[in-house]
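Respectively, the protein sequence lines represent chains A and B.
Going by my numbering, the first sequence opens with residue 24, and the numbers climb by one from there.
Going by my numbering, the second sequence opens with residue 14, and the numbers climb by one from there.
Here's the structure we're looking at; comments come further down.
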Amino acid sequence: MTETKDNTKMGIALLNGIVLGLIGVFLLATPMSGVELTPEETRLDYIAGGILVVGSALMFALHFRPTGGGTEPD
Amino acid sequence: MEPVFGLTLTEWGMMITFVAAVIWWGFRMHGGTTTMADAFLAGRKVPGFIASLSTVATNLNGNDFLGGVGMAYGFGLVAIHGFFFQGFTLIFVSLVVIHRLRALNVYSLGGWLEHRYCPAIGNAYSYVWTFIWMLFNLGLYIYAGALVMHTLLGWDLYLSIVLLSFVAAFYTLLGGLGAVVATDVLQVCLMFFPLTFVSVACFLHVGGFSGLSEQLDQLPQLTADTINKNNMWAWHTPFGILPLMFVGRMCLGTSYWATEAQVVQRPLSAKDPDAARVSYMGASLWYIILVPFVIVLPGLTAAVMFPGLESNDHAMPELIRTFLPRGLYGVAIVGLTAGFLSSADSQINAFCTMFTADVYRRHFGKNRDDKHYLMVSKIAGVIFTICAIGTALLVSTNSSGMMVFAVGVLATIMPPFGAITIMGALFRFIHSRAALIGLYTSGVVAVGLVFASNMGMLKSIAEIDMEFRALITFTVASVVTVIASFVLPRPKSDIVVEGPHKMIELTPLATRYTIAILVVTLIAYVFWTISFS
C-alpha cells in the first residue's frame with residue numbers, strides 16, 4: 024500500500040505543529056495588537072506564545088529527523 | 014482595542030486558524046477514505062501513541078473540564094479517585110476485551126456481541142447505542158459547547174449550536190476517523206495547554222499544597238457526617254462509603270471503556286494488537302498523572318477563592334477569567350471548543366460506523382460494495398447531526414434536568430452490556446441464553462434503580478448514586494449470567510471455540526504497561542495523600 028493511502032502516517036505531527044505554531048504567533052502578537060495588558064499579563068502571553076512556537080519547531084524537527092535511510096513522516 | 018463578539022483580533026486569528034485546520038484535515042483525509050475500514054477505522058493503521066492521544070481527546074471534552082472542576086469544587090479531594098481508577102479499569106479492559114474484538118475484525122462491540130453470543134444481543138447493543146444513547150449524547154455535547162460560547166463570549170446560543178454541529182459534521186463526514194484522530198492530536202494539545210497555565214496560577218495563588226490544604230480546612234464541612242474537602246480518604250463520601258465508591262467506580266469505568274462506541278473505536282483502529290493496548294493503557298497515564306493537576310487542583314482552588322457559586326460548573330469559567338490574560342484567554346476558548354469538537358466528531362463517526370455496519374448492512378443492504386455503504390454513512394451522518402441539533406435544543410429548555418438524565422442513562426445502559434461483555438470475554442462457558450437472561454434481568458434492575466433514585470430512595474446510600482447503581486446492575490448481570498450458564502443448556506446455535514482459552518492476553522508490552530500504571534498510580538496516591546495531609 025502506498026504512503027498516500029496510509030492515512031495516519033501523514034505528518035500529523037508536522038501539520039498540527041504548524042497550526043500550534045500559528046496560534047503561538049497570534050499569542051505573541053496579542054500585546055502588540057492594542058489590547059490593554061499589565062506587564063505581568065504581557066509576560067505570560069509571551070511565555071505561552073514562545074512555548075507554542077518552540078513546540079511547533081520541535082514537531083518540525085521530529086518530522087524531518089533522519090531515520091537511517093532518509094526522512095520519514097510521523 | 015475592544016473585543017468583537019467576545020474575542021480580540023488575535024484571538025479571532027487563533028479561532029479561525031483552529032477551525033480552518035480541522036476543516037482542512039477533513040479534506041486532507043478524504044482521499045484515503047475509499048473503504049469502510051478507511052472511513053470508520055482509519056484503515057486500522059493508527060500508531061499506538063496517536064491512538065492514546067485520541068482516546069484522551071475523545072473522552073475528555075468541555076463537559077469534563079467544566080464538570081470535573083465543578084466536582085472537585087463541590088465535593089473536594091475525594092473526586093480525584095475517579096481519575097486514578099481509570100488506570101485500573103483501562104488495564105482490565107485492555108487485557109481482557111480488546112484483543113478479542115480485534116481478532117474478529119469488527120467495527121464495533123455490536124459485531125463482537127453478535128458473534129460471541131447471538132444476533133439478538135448484538136442488535137440490542139447496536140440499536141440502543143445508535144438510536145438512543147448516541148443521539149442524546151451528541152445533543153448534550155453540542156449544547157454544552159454552545160453554552161460555553163454563550164457564557165464566555167456572549168454568542169447566541171442557538172447559532173452556536175448550529176455552528177458547532179456544522180463544523181464537527183463537515184470534517185468528520187469528509188475525512189472519516191482519520192480526520193477525527195488527526196484533529197484529536199491537535200485538540201488534546203489545545204485543551205491541556207491553557208489549563209496548565211490555570212493550574213500553575215492556582216497553585217501559586219493559594220500558596221502551594223500546604224496553603225491550599227490550610228484554606229480547605231477552613232471551609233464548611235459538606236455534611237455533618239463528612240470530613241472536609243481536604244480529605245481524600247473520608248469514609249463517607251457524596252458517592253457512598255469509600256469501598257462502595259471504589260467498587261462502583263470499577264464497575265462503571267470497566268463498563269464504559271468496554272462498551273462506549275466512540276472510545277472502543279480507538280483500539281479497533283490501532284495498527285496492531287500492541288498499539289491497541291497502548292491506545293488504552295497509554296491514555297490511563299494521562300488520567301493518573303496530568304488530569305488531577307489540570308482539573309482537581311483548579312477545582313479545589315476555586316472552592317477556596319469562590320465559595321458559594323450558583324453552580325459548581327461555574328468554577329472553571331471563573332478561574333479562566335481570573336487567571337488568564339487576553340491572548341491566553343483566547344487559547345482557552347479555542348481549547349474548550351476543541352474539547353467539544355473532539356468528542357462530537359468521535360460520536361458522529363461512531364454513529365456512522367454502527368449505523369452502516371451493524372444496522373444498515375446487517376438488515377437492509379447486504380452484499381453491497383463499500384462505495385455504497387460510505388454514501389449511506391454520510392447521508393445517515395447528516396441526518397444524525399440534524400437530529401442531534403434537535404436534541405441540543407430540547408436540552409436547552411431544561412439543561413440541569415437533562416444532564417442529570419444523561420448521567421442516569423449512562424449508569425443504566427452501560428453496566429448490563431459491560432457485564433456480559435466482560436463475562437463473555439473471560440469465560441468460555443458463558444452462553445447466549447444466559448447472557449440474554451443476564452441482560453434482561455439487569456436491565457429491569459437498572460430501570461428500577463432509576464425510579465428509586467428519582468424518588469429519593471437512594472439518598473441514604475449516596476448523594477450521587479451513579480457508582481452505586483452501576484455496582485448493583487453490573488453485579489446482578491454478572492451473577493445471573495454465570496448462574497444461568499450452569500443451569501440452562503447452551504443453545505445449539507452458539508459458536509463453540511475449541512482449544513485452550515486464555516482469560517487475559519499478557520504480552521511483554523502489556524506487562525510493562527501494567528506494571529508502570531500500577532506503580533504510577535501508587536506514587537500518585539502517596540503524593541496526593543501526603544500533599545494534603
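From the three backbone atoms N, C-alpha and C, an ideal C-beta is built for every residue, glycine too.
Quantities reported herein were computed from a predicted structural model and do not represent experimental measurements.
Using beta-carbon positions only, say whether residue i and residue j come within less than 8 Å of one another.
i        : j        : result
B/Val408 : B/Tyr171 : no
B/Val211 : B/Ile302 : no
B/Pro338 : A/Leu67  : yes
B/Pro251 : B/Ile477 : yes
B/Asp358 : B/Ser139 : no
B/Leu148 : B/Cys365 : no
B/Thr488 : B/Pro429 : no
B/Phe31  : B/Leu203 : yes
B/Leu341 : A/Leu50  : yes
B/Ser355 : B/Asp169 : no
B/Leu108 : B/Leu519 : yes
B/Asp287 : B/Leu79  : no
B/Ala195 : B/Met42  : yes
B/Leu257 : B/Glu480 : yes
B/Leu66  : B/Val213 : no
B/Leu313 : B/Ala85  : yes
B/Val533 : B/Arg441 : no
B/Phe101 : B/Met263 : yes
Does the beta carbon of residue i come closer than 8 Å to any beta carbon on chain A?
i        : result
B/Pro132 : no
B/Leu114 : no
B/Arg202 : A small fix is needed here, since residue 202 of chain B is Cys in this sequence, not Arg. It does; some Cβ of chain A falls within 8 Å.
B/Met258 : no
B/Met27  : yes
B/Ala237 : Residue placement at B/Ala237 is flagged as unreliable, the pLDDT there being 47, under the threshold of 50; the coordinate-derived value follows with that caveat. Judged by the 8 Å Cβ criterion, B/Ala237 is not in contact with chain A.
B/Phe368 : no
B/Leu208 : no
B/Ile543 : no
B/Phe18  : no
B/Ile426 : no
B/Ile361 : no
B/Ile485 : no
B/Gly352 : no
First and last residue of the alpha helix (DSSP H) that includes residue i?
i        : result
B/Tyr300 : Counting along the chain, B/Tyr300 falls outside any alpha helix (DSSP H), and DSSP gives it neither H nor E.
B/Phe487 : 479 to 500
B/Pro256 : 255 to 272
B/Val161 : 147 to 161
B/Ile111 : Element bounds for B/Ile111: n/a, residue is neither H nor E.
B/Phe205 : 170 to 218
B/Cys400 : 383 to 410
B/Ile361 : 341 to 367
Please check if any C-beta of chain B sits within less than 8 Å of the C-beta of residue i.
i       : result
A/Leu67 : yes
A/Phe83 : no
A/Ala52 : yes
A/Arg88 : no
A/Ser56 : yes
Leaving aside the five residues before and after residue i along the sequence, list all residues of the same chain whose C-beta is less than 8 Å from its C-beta, in chain order.
i        : result
A/Ile74  : Gly47
B/Ala393 : Phe364, Cys365, Phe368, Thr369, Tyr373
B/Leu122 : Leu114, Tyr138, Ala271, Thr272, Ala274, Val277, Phe430, Thr434
B/Asn244 : Gly89, Leu90, Val91, Phe545
Among the residues of its own chain, which have a CB less than 7 Å from the CB of residue i, if the five just before and after it don't count?
i        : result
B/Pro330 : Thr164, Leu165
B/Ala447 : Thr494, Ala497, Ser498, Leu501
B/Asp238 : Because the pLDDT at B/Asp238 is just 48, under 50, the model does not fix this residue reliably, and the point stays unresolved.
B/Trp146 : Val422, Ile426
B/Val69  : Val201, Ala296, Trp299
Mind checking residue i: buried by the 16 CB within 10 Å criterion, or exposed?
i        : result
A/Thr94  : With a pLDDT of only 42 at A/Thr94, under 50, the local geometry of the prediction cannot be trusted, and no value is derived from it.
B/Ser324 : exposed
B/Ser473 : exposed
B/His376 : exposed
B/Gln231 : exposed
B/Ala468 : Checking the sequence, you will find Met at residue 468 of chain B rather than Ala. Answer is exposed; the Cβ neighbour count stays below 16.
B/Ala33  : exposed
B/His444 : buried
B/Met388 : exposed
B/Lys242 : buried
B/Val17  : exposed
B/Met470 : exposed
Spatial neighbours of residue i within its chain, please: C-beta separation below 6 Å, excluding the five flanking residues on both sides.
i        : result
B/Lys58  : Lys284
B/Tyr120 : Phe53, Thr366, Ala370
B/Leu255 : Trp248
B/Thr48  : Asp383
B/His576 : No statement about residue 576 of chain B is possible, as the shown extent of chain B runs from 14 to 546 and does not include it.
B/Asp51  : Gly45
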